[in-house]
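J.: Protein chains in written order, with my numbering: chain Y, 11 to 303; chain C, 132 to 213.
Have a look at the structure that comes next, please.
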Amino acid sequence: MAKTRELRRRIRSIEKTRQITKTMEMVATSRLKRAQDRVVAARPYAQALADVLGDLYEPSLGERFPLLRAVPGPPRRVAVLGITSNRGLCGAFNANLIREIQSRALALEAGGCHVELHLVGRKGIGFFRFLGREITGQRQDIGDRPTLAHATELVTPLMTRFAAGELDAVEVVFAKFVSPLSTPPTVLPVLPIRRPADRTGRERNAAANAIIRPSVDELLATILPQYVRNQMFRALVETAAAEQGARRTAMKNATDSAGEMIDTLRRTFNRARQAQITQEIAEIVGGSEALRG
Amino acid sequence: MRVTVISPEHAVFDGEAEAVVAPAYDGEVGILPRHAPFLTLLGSGRLTVRTAGETKAFGVEGGFLQVVNDVVRVVAERADVE
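Laid out in structure tokens, this is it:
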């Protein structure tokens, strides 16, 4: 009797857990949809910036624009900006990002470079604080809907310090949103700016002969920081979408395993109940047999 | 000609148009079909796009305008429908 009661209690508890994970799965699914739309909608802007930068780019520009200047030899001071999420219950999402941030920092430090850590998201901050690592910059107020203003606040001080020569490189570690099921942690070198991939020859020729106002230098002075801010923005948007994708997968798995557990427990419970009934009948039969003598 | 008005968050406008008037860094520029390849900085102000049926207005700020092969791209850090 005690055993069936215990089983019934566990089944009820797991059913409640399943209800919660199922709800969270549905919430993540709807948030994912919206976040995914934002990732797709942000593409034309990034493409346009990359196109124009590719058109205007010349190797000699590095001498005039500090944002393009690559330091010869291994970098000495690098800022690694790691993006994680504020909330958990999304499987190995944050663990993967943290591992990538750490391995990137260690790889740079192994090369004799000073790494300063900038972190976005409660999960990453918590982990590195626990490790006792010095965290140079941290933000945990960027939620599901990152804006260009967030990106600007994050990356502008780094840009200024890079231009002043205080930093040799700035890298962002984020979750690339390939698909809701594939969100690999990725290292994106933001500064110095690398040349975006070229577009096709004919378009490039047309663009190269364009009338340019006021001048290539003044345009680049605007477009280069704009490009950096947008790369930061994209990293935030993709990570936000990836987090929802990871959470949906994690919650779906949790719901599925809760269902399996309930099935198993219910089978055990039914068997126990049947055993008890059989035993009671056997006792009654045994008792009446005894009475008949 | 094809015109796209793009902000970091999304494309605000994408379609065929007959004329575009944009606030460049030093005053307004008008773009008609078959304009020569052109690249200019934008200031802030009102961007109007005239299509076959109507005229649409946007508030834009920062960024640039590019014309290549009869395609006009307005790439602004802020672009709102007015």
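Backbone N, C-alpha and C define an ideal beta-carbon position, used for all residues, glycine too.
Computed from a predicted structure; not experimentally measured.
(1) Kindly indicate which residue of Thr249/Y, Arg205/Y, Met271/Y has the alpha-carbon position closest to the one of Leu59/Y.
(2) Excluding the 5 residues flanking Ala264/Y on each side, which residues of the same chain have their C-beta closer than 6 Å to its C-beta?
(3) State the DSSP-derived secondary structure class of Gly9/Y, mapped to helix, strand or coil.
(4) Given Ile24/Y, which residues of its chain have a CB within under 8 Å of its CB, disregarding the five upstream and five downstream residues?
(5) In the segment 214-288 of chain Y, which residue ranges form an unbroken beta strand (DSSP E) of at least 3 residues, counting only runs that do not cross its ends?
(6) Would you decide whether Phe140/Y is buried or exposed? Buried here means 16 or more other CB atoms lie within 10 Å of its CB.
(7) Do you know offhand how far Asn219/Y's Cα is from Leu163/C's?
(8) Quick check: is the beta carbon of Ala231/Y nearer than 7 Å to any beta carbon in chain C?
(9) Check the Cβ of Tyr55/Y against every Cβ in chain C and list those closer than 7 Å, keeping chain order.
(10) Going by beta-carbon coordinates alone, are Phe195/C and Leu178/C separated by less than 7 Å?
(11) Of the residues Val188/Y, Arg97/Y, Ala173/Y, which one's Cα is nearest the Cα of Ile152/Y?
(12) When burial is assigned at 16 or more other CB atoms within 10 Å of the CB, is Gln197/C buried or exposed?
(13) Nearest CA to the CA of Ala89/Y: which residue from Ala159/Y, Arg283/Y, Glu126/Y?
(14) Note down the Cα distance separating Leu116/Y from His141/C, rounded to an integer number of angstroms.
(15) Going by alpha carbons, who is nearest to Gly121/Y out of Pro84/Y, Met242/Y, Leu71/Y?
(16) What would DSSP say about Leu17/Y, mapped onto helix, strand or coil?
(17) How far does the alpha helix (DSSP H) with Gln112/Y in it extend, from its first residue to its last?
(18) Between Phe189/C and chain Y, is the shortest Cβ-Cβ distance under 7 Å, so that the two count as touching?
(19) Using DSSP with H/G/I as helix, E/B as strand and the rest coil, what is Phe75/Y?
(20) For the segment 292-300 of chain Y against the segment 143-153 of chain C, are there 3 or more C-beta pairs whose distance is under 8 Å?
(21) Does the CB of Val62/Y have a neighbour CB from chain B at under 7 Å?
(22) Hey, is Ala142/C's beta-carbon within less than 7 Å of any beta-carbon in chain Y?
(23) Gly158/C to Val152/C, Cα distance in whole Å?
T.: Inspection of the coordinates gives the following:
(1) Arg205/Y
(2) Thr31
(3) In the structure as shown, chain Y starts at 11 and stops at 303, and residue 9/Y therefore has no counterpart that could be examined.
(4) Ala268, Met271, Ile272, Leu275
(5) 221-223
(6) exposed
(7) 18 Å
(8) no
(9) Ile137, Ser138, Pro139, Val206
(10) no
(11) Arg97/Y
(12) buried
(13) Glu126/Y
(14) 37 Å
(15) Pro84/Y
(16) helix
(17) 103-120
(18) no
(19) coil
(20) no
(21) Considering every chain present, this structure includes no chain B. Its protein chains are Y and C.
(22) yes
(23) 10 Å
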